Structures are given as C-alpha cells and as structure tokens.
Amino acid sequence: MIFETIVTTLSPEGELHLAPMGIRYEGDEVLMMPFKPSRTLDNVLATGKAVLNLTTDVRVFAGCVTGRREWPTIALEGFAGRRLASALTHVELELVKPQDHDVRPILHMQRVGEHAHAAFPGFNRAQAAVIEGAVLVSRLSMLPREKVESEMLYLQIAIDKTAGPHELEAWEWLTDAADRFHAEQETRA
1 MIFETIVTTL SPEGELHLAP MGIRYEGDEV LMMPFKPSRT LDNVLATGKA VLNLTTDVRV
61 FAGCVTGRRE WPTIALEGFA GRRLASALTH VELELVKPQD HDVRPILHMQ RVGEHAHAAF
121 PGFNRAQAAV IEGAVLVSRL SMLPREKVES EMLYLQIAID KTAGPHELEA WEWLTDAADR
181 FHAEQETRA
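Quick note, the sequence shown lines up with residues 1 to 189 if you use the UniProt record's numbering.
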C-alpha cells in the first residue's frame, strides 16, 4: 500500500526542499522511492535525513507540482530538519540503506522520532481527488492527454460535491497547470 505524504529535506547547505511522495511502510522502516533525478534523493543521500509530513492541507500537494513550494515550516528540536506548519504529524527519518536503481532508487529510512500536532479529522472526497489530480499533473509528460482529461473530468465530480475553499484553490492550480501544459504541446506540434 502506498501513502501520499509531503517529504521535507535539507541540502547540506541547509536549503529546504518539499516534495509530495508516495511512501510505503515495511515494518518499522519507511520506504521512499524518488525518481531520478530528484532533489529529495540528492538531499537524503547527502545528509541521511528526511521528515515525513502527514497533512490534510492538499494545497501543499497541488502547490508542489504546480511550482508553489513556499509553505510555512517549523525547525525541529534535536533533529536537523523542518516540518510543515500544517502537519498533523511529522516523522523524523534517518537513512538506513540506499538501494540504487536506474529510475527509482529505494531509500530505506528508520523512524527516529514521531510527533503529533493535531487530530486527524478524516479526508473528504475532494481531498482525495486533489491528491490524485496532483499525481496526474506530476506525470503530464508521461501520460496520454486523453487519459489525463478523462480522469480529471471524473475527479471533478468529487470536487463539485465535497470541496471546501482549500480544495477548490488546489484544484484550480492543477487544472490550470494541465491546460497550460497541453496548450504548449499543441503549439509545438
């Protein structure tokens, strides 16, 4: 099973990077599989650290894939990293073993700290739709236009029925990004 999260990492120079990432739990380990090339991969390999952020603010997912990476973060005590201010829970991770691969290396991460900041209220369907839309937008160059358009049209149903202001804003970012991408492709053809 894959869980959608936001991963924060720091470069060796202390520069913050946020990335939406599907992770897997394997016993006590967290498995991250970033695509190559990836700043997350570079940062984890260089520092051996990452922070897993569990949040219901889906604007962060949509924002990261549409060029909006500036989100409030908080420095951690006793761990070299930052967490999202909107994180309900954050998990401090240290690299146990990198497993190289041509496309998606596997980073075996050990949990060294876990901190809850707010109760999880549950997801609504619009939040799930935004996360799925963010995955589609992150793969626009890999997927046929027809597939993206048909899936976005289906996801629009959940947006129309259950979205609040944050989900509507995030959805607008995603649809605008997909429209811009496809318009650029038409111009090049």
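Don't be surprised by glycine CBs; every beta carbon is placed ideally from N, CA and C. Please read all numbers here as calculations on a predicted model, not as lab measurements.
A direct Cα-to-Cα measurement between Gln127 and Phe61 gives close to 10 Å. DSSP links Phe3 through a beta bridge to Ile23. By the neighbour-count definition (other C-beta atoms within 10 Å, threshold 16), Lys36 is an exposed residue. The beta carbon of Arg69 lies closer than 6 Å to those of Leu18 in the same chain, with the five residues before and after it left out. Per DSSP, reduced to three states, the secondary structure at His115 is strand. Residue state for Leu88 is assigned as coil, using DSSP reduced to three classes. The criterion of a C-beta distance shorter than 8 Å is satisfied by Thr162 and Asn124.
In its chain, beyond the 5 residues on either side, Leu31, Met32, Met33, Pro98, Gln99 have a beta carbon closer than 8 Å to the beta carbon of Ile106. According to the DSSP secondary-structure assignment, Val30 is paired through a beta bridge with Tyr25, Met109.
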